[in-house]
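Worksheet: the structure to be examined is printed underneath.
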Amino acid sequence: MGGAWLGLGLVVALLLWSWKRRNRRGWGGDDEGQKPGEKRSWYAVVVLGIVAPIVVISALFVVGDLFVIKTTQAPASTATRLTIHVIGHQWWWEVRYPGTNAVTANEIHIPARTPVRVLVSTADVIHSFWVPELNRKIDTIPGRTNAIELDADQPGRYRGLCAEFCGLQHAHMAMYVFVDEPSAFRRWLAREEQPAADPSGAVAADGERLFVNGPCSSCHAIRGTEADGFVGPDLTHVASRTTLAALTIPNDRENLREWIVSSQHVKPGNLMPDFNAPGSKLDALVAYLEGLR
Ligand code: CUA
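Sequential numbering of the sequence shown, starting at -15, is according to the working numbering.
Structure representation (structure tokens):
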């Protein structure tokens, strides 16, 4: 940053200087041959326009590559206590905790003061995983797994996003990273590992039957039931998430309802078809999903 400001200052100063001198004699002309000032300005062009940029950019490249990039790299798998796997989809993030059953979407939890190794890959096109407050971007490239480190000192909520244009709803492909105190993180992970809660009450039980036997289960999994689709997000603990559709809408009753009935209105082009259910069926589905904490 310091180098960039210095360079900009130099360029602007030269620009002002040459503007001030624009009508002076000695800056070239077409009728009197080469003047001494013309030779000087040629040196200026060669030194400041060609040599200086090569030197400065090469130096920045070496410094960036040898020192800066290294500090943002993912720790070796042996040097960390936690590895998570984030998979980009059009247009949401699948989040897995290898070695556990926990699968979630768009809302990543990590423990504070712990270097976390994040493996990133994609189910379809190139996305880019970016949590600006925690580290640089890393692309998700088909057929490859890249790694990056997330290491947060302060517990809190950090917003991340997809930083590579990936289709119609690229702008609605955000995520939250929740940095929890380690003990709270362990409790969260233990709960995420559990299968889904049983429906409480007759309406919610209807909702579960509708979900499992209807079209929902061909795309979504709810662990502990027969729903095991993998096109859309795992909904085992969907009610414990704060948002829906990759942070597009808050996760509350009204928005959940609207999402089921007309997700194409909320997020056009997403893979979920609108589900035109009569009111009672919709109530049942919503009651069931709201219980999946
Ligand atoms: Cu995914 Cu942009």
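Glycine included, each C-beta is placed from N, C-alpha and C at the ideal position.
Thinking just about the alpha-carbon of each residue, which of the options is nearest to the one in residue i?
{"i": "R315", "options": "R120, N119, L134, D123", "result": "What the structure shows of the chain is the stretch from -15 to 277, and residue 315 is not part of that stretch, so it cannot be assessed."}
{"i": "K265", "options": "L231, C200, E210, A229", "result": "C200"}
{"i": "A136", "options": "A(-3), R101, S224, V270", "result": "R101"}
{"i": "R207", "options": "P95, R241, P179", "result": "P179"}
{"i": "G140", "options": "V35, P166, S246", "result": "P166"}
{"i": "M157", "options": "L32, I38, A131, A89", "result": "A89"}
{"i": "S246", "options": "E238, R237, Y81, D258", "result": "D258"}
{"i": "I122", "options": "I68, D218, Q57", "result": "Q57"}
{"i": "G185", "options": "H249, P59, E274", "result": "E274"}
{"i": "E138", "options": "T124, T64, F149, V161", "result": "Just to set this straight, residue 138 is Gln in the shown sequence, not Glu. The candidate whose alpha carbon is nearest that of Q138 is V161."}
{"i": "T129", "options": "F169, S105, A(-12), W1", "result": "S105"}
{"i": "F149", "options": "Y142, D164, I125", "result": "I125"}
{"i": "V52", "options": "P37, A168, R120", "result": "R120"}
{"i": "Y142", "options": "H93, G127, I68, N197", "result": "H93"}
{"i": "P37", "options": "R170, L(-8), M256, G127", "result": "L(-8)"}
{"i": "R277", "options": "E238, A174, G263", "result": "A174"}
{"i": "A155", "options": "P59, Q74, V31", "result": "Q74"}
{"i": "S2", "options": "I110, V29, G(-13)", "result": "V29"}
{"i": "I68", "options": "R170, F169, P82, D218", "result": "P82"}
{"i": "G151", "options": "K54, D218, G127, I110", "result": "I110"}
Could you check if residue i is buried or exposed, using at least 16 other CB atoms within 10 Å of its CB as the buried criterion?
{"i": "P234", "result": "exposed"}
{"i": "I41", "result": "exposed"}
{"i": "R6", "result": "exposed"}
{"i": "M(-15)", "result": "exposed"}
{"i": "Y27", "result": "exposed"}
{"i": "A43", "result": "exposed"}
{"i": "T84", "result": "exposed"}
{"i": "F45", "result": "exposed"}
{"i": "A(-3)", "result": "exposed"}
{"i": "K23", "result": "exposed"}
{"i": "F195", "result": "buried"}
{"i": "S202", "result": "exposed"}
{"i": "K251", "result": "buried"}
{"i": "S112", "result": "buried"}
{"i": "G33", "result": "exposed"}
{"i": "W243", "result": "buried"}
{"i": "A211", "result": "buried"}
{"i": "V47", "result": "exposed"}
{"i": "D182", "result": "exposed"}
{"i": "Q248", "result": "exposed"}
{"i": "V163", "result": "buried"}
{"i": "L(-1)", "result": "exposed"}
{"i": "D236", "result": "exposed"}
{"i": "T232", "result": "buried"}
{"i": "V(-5)", "result": "exposed"}
{"i": "D49", "result": "exposed"}
{"i": "L255", "result": "exposed"}
{"i": "L(-10)", "result": "exposed"}
{"i": "V70", "result": "buried"}
Could you give the C-beta distance for residue i and residue j, rounded to a whole number, given that I count them as a contact under 8 Å?
{"i": "F176", "j": "H204", "result": "Per the sequence shown, the amino acid found at residue 176 is Glu instead of Phe. Actually they are not in contact, since the Cβ atoms of E176 and H204 sit about 16 Å apart, beyond 8 Å."}
{"i": "P95", "j": "L118", "result": "That belief does not hold up - the Cβ atoms of P95 and L118 are roughly 13 Å apart, past 8 Å."}
{"i": "A230", "j": "W76", "result": "4 Å"}
{"i": "A131", "j": "L103", "result": "5 Å"}
{"i": "W172", "j": "A147", "result": "Rounded, the Cβ-Cβ distance is 26 Å, inconsistent with contact."}
{"i": "G144", "j": "A107", "result": "With 8 Å as the limit, G144 and A107 do not qualify as a contact, their Cβ atoms being about 18 Å apart."}
{"i": "G216", "j": "Q153", "result": "The pair is not a contact, with the Cβ atoms about 14 Å apart (cut-off 8 Å)."}
{"i": "R225", "j": "E78", "result": "Their Cβ separation, rounded to whole angstroms, is 13 Å, which puts R225 and E78 out of contact at 8 Å."}
{"i": "L240", "j": "V270", "result": "6 Å"}
{"i": "G191", "j": "Y272", "result": "3 Å"}
{"i": "A261", "j": "V187", "result": "Not a contact, Cβ separation roughly 14 Å."}
{"i": "T64", "j": "P99", "result": "5 Å"}
Near ligand 1, which residues have their beta-carbon closer than 6 Å to a heavy atom?
-> Listed by chain position, these are G72, W75, H111, C146, E148, F149, C150, H154, M157.
3 or more residues per run - each beta strand (DSSP E) lying fully within the segment 39 to 110 | Segments of the beta strand (DSSP E) lying fully in the segment 39 to 110: 66 to 73, 76 to 80, 87 to 89, 91 to 95, 100 to 106.
Return the chain-ordered ranges of every alpha helix (DSSP H) run that is complete within the segment 150 to 238 and spans a minimum of 4 residues.
-> For the segment 150 to 238, the continuous alpha helix (DSSP H) assignments of 4+ residues that do not extend past its boundaries occur at 166 to 177, 186 to 197, in sequence order.
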